[in-house]
Amino acid sequence: DGGITQSPKYLFRKEGQNVTLSCEQNLNHDAMYWYRQDPGQGLRLIYYSQIVNDFQKGDIAEGYSVSREKKESFPLTVTSAQKNPTAFYLCASSNKQGQRYRAFFGQGTRLTVV
Amino acid sequence: AQKVTQAQTEISVVEKEDVTLDCVYETRDTTYYLFWYKQPPSGELVFLIRRNSFDEQNEISGRYSWNFQKSTSSFNFTITASQVVDSAVYFCALSEADNFNKFYFGSGTKLNVKP
Chain C
-15 DGGITQSPKY LFRKEGQNVT LSCEQNLNHD AMYWYRQDPG QGLRLIYYSQ IVNDFQKGDI
45 AEGYSVSREK KESFPLTVTS AQKNPTAFYL CASSNKQGQR YRAFFGQGTR LTVV
Chain Y
77 AQKVTQAQTE ISVVEKEDVT LDCVYETRDT TYYLFWYKQP PSGELVFLIR RNSFDEQNEI
137 SGRYSWNFQK STSSFNFTIT ASQVVDSAVY FCALSEADNF NKFYFGSGTK LNVKP
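Protein chains in written order, with my numbering: chain C, -15 to 98; chain Y, 77 to 191.
Dropping the structure here:
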């Protein structure tokens, strides 16, 4: 079945550590996204990528980094510079053709700083 | 400025009641898409509907219906005869012609349907 896989589902990080969240899609979508969700604040865009080897900052990119070396993969690294990383992280993808701009979402990763 | 506003933070209804979730958007583009997504407790966002700016026809899908009014920049979502399984957070979203690959989400409305 086609879809988006995020791993791990739950992640615990010690303060000062970098952690990487995985996002893989087999939908052959060009665009991929990372969103952060905090209670009562909806979804905020961290980074997005429209093609391989290219990505743009979203609204809250500080303290995060991404790479897009392969079409199907868009990992997100939460660095120690991110001061409040505890949140729910959602990865998504979309395409211009086919589903015409609809975004498909993964099941999310809940990151907790301990 | 907020591009998508969902003023209702949380709504509680009793099963079988009808409920309307409001969405107001802001854009200068004449071409854009509007979306509704459902987020159940599991966390994954489930796509419900996409509407383009040139199609103001209301849509009905089972117990769900959507009212798109460009004059008031609103795209409201109504659930008829609500059920407990409808309990979730619902998000409205917008994408614009200058970058259809960028989605702006509202803050979401949490719907509680009580038996």
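Beta carbons are placed, not taken as given, at the ideal position from N, Cα and C, and that holds for glycine.
Where does residue i land, buried or exposed, given buried means 16+ other C-beta within 10 angstroms?
i: C/S(-9); result: exposed
i: C/Q21; result: buried
i: C/Y(-6); result: exposed
i: C/I35; result: exposed
i: Y/P116; result: exposed
i: Y/Q82; result: buried
i: C/V50; result: buried
i: Y/V90; result: exposed
i: C/F(-4); result: exposed
i: Y/F162; result: First, the amino acid is wrong: residue 162 of chain Y is Asp here, not Phe. Y/D162 comes out buried.
i: C/P23; result: exposed
Excluding the 5 residues preceding and the 5 following residue i in the sequence, name in chain order all residues of the same chain whose CB lies nearer than 8 Å to its CB.
i: Y/G119; result: none
i: Y/K146; result: S129 and E132
i: C/Q103; result: Residue 103 of chain C lies beyond the residue range present for chain C, which begins at -15 and ends at 98; the question has no answer from this structure.
i: Y/F179; result: F111, A169, L170 and S171
i: C/L60; result: T4, L5, C7, W18, I30, Y31, Y48, S49, V50, Y73 and C75
Would you list the residues sitting across from residue i in a DSSP beta bridge?
i: C/C164; result: Nothing about residue 164 of chain C can be reported from this structure: the residues present for chain C run from -15 to 98 only.
i: C/A15; result: C/S78
i: Y/L110; result: Y/R127 and Y/L170
i: C/Q21; result: C/L27 and C/F72
i: C/L60; result: C/L5 and C/V50
i: Y/K190; result: Y/V90
i: C/Y41; result: With the sequence shown as reference, residue 41 of chain C is identified as Lys, and Tyr is not the correct amino acid for it. According to DSSP, which records beta bridges pairwise, C/K41 is partnered with C/Y31.
Between which residues of its own chain and residue i is the CB-CB distance below 7 Å, once the five residues before and five after are set aside?
i: Y/E172; result: T103, D105 and Y108
i: C/G82; result: The predicted position of C/G82 is uncertain, since its pLDDT is 43 and thus under 50; a value taken from the coordinates is nonetheless stated next. Once the five neighbours on either side are set aside, C/G82 has no close Cβ partner at all.
i: C/S64; result: G0, Q1 and N2
i: C/T(-11); result: E8 and G90
i: C/G92; result: Q(-10), F72, Y73 and L74
i: C/K41; result: Y31
Are the Cβ atoms of residue i and residue j separated by less than 8 Å?
i: Y/T185; j: Y/I87; result: yes
i: Y/S183; j: C/Q9; result: no
i: C/S77; j: C/L11; result: yes
i: Y/D94; j: Y/Q84; result: no
i: Y/A164; j: Y/K114; result: yes
Given residue i, which residues of its chain have a CB within under 6 Å of its CB, disregarding the five upstream and five downstream residues?
i: C/I44; result: R28 and I30
i: Y/S150; result: V100
i: Y/N175; result: none
i: Y/N143; result: N134 and N152
i: C/F39; result: Y31, S33, V50 and R52
When the Cβ atoms of the stretch 83 to 97 of chain C are set against those of the stretch 136 to 147 of chain Y, are three or more pairs found closer than 8 Å?
-> no
Given 8 Å as the limit, is there contact between the stretch 149 to 162 of chain Y and the stretch 170 to 189 of chain Y, that is, 3 or more CB pairs closer than that?
-> yes
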